[in-house]
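**Student:** Going by the numbering used here, the letters in the sequence shown line up with residues 1410 to 1780, in that order. Ideal Cβ positions, reconstructed from N, Cα and C, are used throughout, including at glycine.
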Amino acid sequence: MQDTNFQDTQYIQFFDGGTEPTLANLGGKGASLVTMTSAGMPVPPGFVVTTAQFDAFMAENQITERIHALLAGLNPEDVAEVDAVSATIRASIEECPVPAEARAQTVAAYEALQSRFDSPVPVAVRSSATAEDLPDASFAGQQDTYLWLEGFDAVGEHIRKCWASLYTSRAIIYRLKNGIPNEGLSMAVVVQKMVNAKASGVAMTLDPTNGDRSKITIDASYGVGEMVVSGQVTPDNIVLDKVTLALVTEHLGDKHAELVPDATRRLVEREVDAERRSRRCLTDAQLTAVATLAKRAEKHYKTPQDIEWALDADLPDGENLLLLQARPETVHSSKPATAPQPVVSQSAQAGAAPSSATTGGFSWGSIKLTA
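1. Quick check: the Cα distance between Phe1423 and Tyr1583, rounded to an integer number of angstroms?
2. Contact check, Trp1718 vs Val1699 under 8 Å by CB: the rounded distance?
3. Among the residues of its own chain, which have a CB less than 6 Å from the CB of Ala1533, if the five just before and after it don't count?
4. In whole angstroms, what separates the C-alpha of Leu1702 from that of Leu1732?
5. Please determine, among Leu1668, Ala1597 and Ala1500, the residue with the shortest C-alpha to C-alpha distance to Gln1536.
6. Leaving out five residues on either side along the sequence, give the residues of the same chain with a beta carbon under 7 Å from the beta carbon of Thr1497.
7. Closer than 7 Å: is that where the CB of Ala1683 sits relative to any heavy atom of the ligand SAM?
8. State the DSSP-derived secondary structure class of Lys1602, mapped to helix, strand or coil.
9. On the DSSP letters alone, give me the boundaries of the beta strand (DSSP E) that Gln1734 sits inside.
10. Go to Val1638, then tell me how far its alpha helix (DSSP H) extends in each direction, as first and last residue.
11. For Arg1688, count neighbouring C-beta atoms within 10 Å of its own C-beta (all shown protein chains included) and say buried if the count is 16 or more, exposed if not.
12. In terms of residues, what are the limits of the beta strand (DSSP E) holding Lys1624?
13. What's the gap between the Cα of Gly1632 and the Cα of Ala1608?
14. Take the Cβ of His1477 as the centre, count every other Cβ of all protein chains shown within 10 Å, and call the residue buried at 16 or more, exposed below.
15. Whose C-beta lies closer than 6 Å to the C-beta of Ile1421 among residues of the same chain, with five residues either side of it excluded?
16. Measure the CB-CB distance between Leu1558 and Leu1575 and report whether it falls below 8 Å.
17. Helix, strand or coil for Leu1720, going by three-state DSSP, please let me know.
18. Between the C-alpha atoms of Ser1578 and Ala1694, what's the straight-line distance to the nearest angstrom?
19. Within the same chain, show all residues whose beta-carbon is closer than 6 Å to that of Ser1756, passing over the 5 residues directly before and after it, in chain order.
20. In terms of residue numbering, what span does the alpha helix (DSSP H) encompassing Ala1521 cover?
21. Hey, how far is the Cα of Met1409 from the Cα of Leu1661?
22. For a quick check, are the C-beta atoms of Ala1629 and Leu1730 less than 8 Å apart?
23. Would you kindly work out how many angstroms separate the C-alpha atoms of Gly1560 and Glu1566, rounded to a whole number?
24. CA-CA distance, Thr1653 and Asp1721?
25. Between Lys1624 and Glu1738, what straight-line distance do the alpha-carbon atoms span, to the nearest angstrom?
26. Roughly how many whole angstroms lie between the Cα atoms of Ala1481 and Cys1571?
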């Protein structure tokens, strides 16, 4: 992979383009990825389709006025009505053309990203709303992510699908119930080299069950992490001491299945054999590396973090741990730090620990498994 910077434009900002990231231009996820790249963290390369492109698209197609009319007086308790309005808005966004100049800049950015590699690579297209990943609001997971996309036609189509996911039923209801106005909403979209994950998960720089900031909690399973988030598999759950990185507790999940690409690079669900189920999916060295990466993110942002990480099967050991997202932990971070909890010996443990993927407020979003 080449270490070449590419030129940022009004509608495109590369992770390593050198432009100062802002939430208004890049959304929460995009701003975080640019910030982490600038800090030298191991982020897969990519670029952000800025909110300026979304705004230009909405203005040229005169969609905003129609949306405001449809949402006026909408009752968040009437789920059927919300679903119908959501479907109408999303179809309108997905069917409208992107302004020519904005599309040309996005095509150029996609080609520039591909030029960094010896052969074409699949990408992930990830929503990055301006209201997500804030310390006082838990918007994560309300918009869509699409995986393993190849060729610009698919990428361009799914950028619009991400824009449309700003108006999912869930997102509309959340904003209505929390008094968040629809005026001024915007959406950036991340286009990023796909990670061929052999293992993945989340890590939190505290214990999500009690807010203990002297601990790091890691959930890990085989393959792409969507099965963990959806509850289809039970991941390994490991708690480490934040200072020494010594193992505090360990609960092995069943990990009965994994999402991995087949020969045609389509994600498929495969059964995990009994031997792999019975052991932790991370080695001691990998566990230490994930914890160290989480600590690094916390040190950079100066607040407890949820991070999303993956081990790339296409990269050599020692270089294959990648940081996919970091966001503030929202459940406990606003409360006073709790006193460190006493270490419980392995022999004294019983039962299964709660998973940080479900207790900590972190969500990987609505992930679409797309060829």
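**Tutor:** On the basis of the supplied data:
1. 31 Å
2. 6 Å
3. Leu1556, Gln1601 and Met1603
4. 8 Å
5. The sequence shown places Ser at residue 1536, not Gln. It is Ala1597 whose Cα lies nearest to the Cα of Ser1536.
6. Leu1479
7. Summarising the ligand content, the structure contains no ligands, and the ligand SAM is consequently not present.
8. strand
9. Leu1730 to Pro1737
10. Glu1635 to Val1638
11. exposed
12. Lys1624 to Tyr1631
13. 5 Å
14. exposed
15. Phe1456, Gln1514 and Ala1518
16. no
17. strand
18. 42 Å
19. Note that Ser1756 scores a pLDDT of 33, beneath 50, so its modelled location is shaky and nothing firm can be said.
20. Ala1509 to Gln1523
21. With the chain represented from 1410 up to 1780, any question about residue 1409 goes unanswered, as that position is not in the structure.
22. no
23. 10 Å
24. 26 Å
25. 14 Å
26. 23 Å
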